[in-house]
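Below you'll find the structure, written out as structure tokens, and then a few comments.
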Amino acid sequence: MKITGFHASSGKIRYVTLKGTKAKPVLVSYGERPLQLNSNRAAFAQAARNLFVGIVADQGTEAASYLLSMDAKTRDQIAGLILPFGVLCLVALDQGFPVSEYIAANFSKKPLSPYVSTFKDKYDFIDQILGIPPRGWSNQHRLAALAGWMELK
21 MKITGFHASS GKIRYVTLKG TKAKPVLVSY GERPLQLNSN RAAFAQAARN LFVGIVADQG
81 TEAASYLLSM DAKTRDQIAG LILPFGVLCL VALDQGFPVS EYIAANFSKK PLSPYVSTFK
141 DKYDFIDQIL GIPPRGWSNQ HRLAALAGWM ELK
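Here you go:
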């Protein structure tokens, strides 16, 4: 099953598609797409819908998950970090695949450490479990990968 994990930050949606198992995940692909917040929230939601429909189709997504950032401090930050994932849930409903959400606290030592010999932090964990980080791999990609990895069986 192909699972696509998502993370939003700085006007971008990062995504990582994985398959395999928790013990042996396989990185299928990764990327990022711009999603700039604007004051017209309905237009922003439509742009998010178009973005997710395109990524899901390109990736052959069969399940999705996302990391919801709890760092928002302004109204615009809240809209930019939360609204896209409400839209993703609607896309998943329309297309008939499951979607799950996570927060940073889900990526703590207790659930992750059984899969690696040493646990430094969540970023190091995903690099250990997936292997050498690919070119252009950012911490935001790592967070999207963690969200996807959590859904592997």
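All you need for our numbering is the position in the sequence shown, starting with 1, plus 20.
Just so it is clear, CB atoms sit at the ideal spot from N, CA and C, and this is done for glycine as well.
Quick caveat, the model's predicted, so the values are computed rather than measured.
Helix, strand or coil for residue i, going by three-state DSSP, please let me know.
| i | result |
| --- | --- |
| R61 | helix |
| G80 | coil |
| G31 | coil |
| P118 | coil |
| G40 | strand |
| L87 | strand |
| V4 | Coverage of the chain is limited to positions 21 through 173, which leaves residue 4 absent and any answer about it impossible. |
| F145 | helix |
| G168 | helix |
| P54 | strand |
| I152 | coil |
| I23 | strand |
| K140 | coil |
| A67 | helix |
| A92 | coil |
| K173 | coil |
In or out: residue i buried (at least 16 other Cβ within 10 Å) or exposed?
| i | result |
| --- | --- |
| L113 | exposed |
| S89 | buried |
| M21 | exposed |
| V79 | Val is not the amino acid found at residue 79; the sequence shown has Gln there. Buried is the call here. |
| G116 | exposed |
| R155 | exposed |
| P45 | buried |
| R95 | exposed |
| A167 | buried |
Please look up how many angstroms separate the CB atoms of residue i and residue j, rounded, as I've assumed it's under 8 Å.
| i | j | result |
| --- | --- | --- |
| S85 | I23 | 7 Å |
| V36 | A124 | In fact, because the Cβ distance is near 16 Å, the residues do not count as touching under 8 Å. |
| G31 | L57 | 7 Å |
| V107 | A68 | 4 Å |
The region 90–106 touching the region 55–73, judged by at least three CB pairs closer than 8 Å = The region 90–106 is in contact with the region 55–73.
Is it true that the region 66–78 meets the region 153–164, where meeting means three or more beta-carbon pairs spaced less than 8 Å apart?
-> No, they do not touch.
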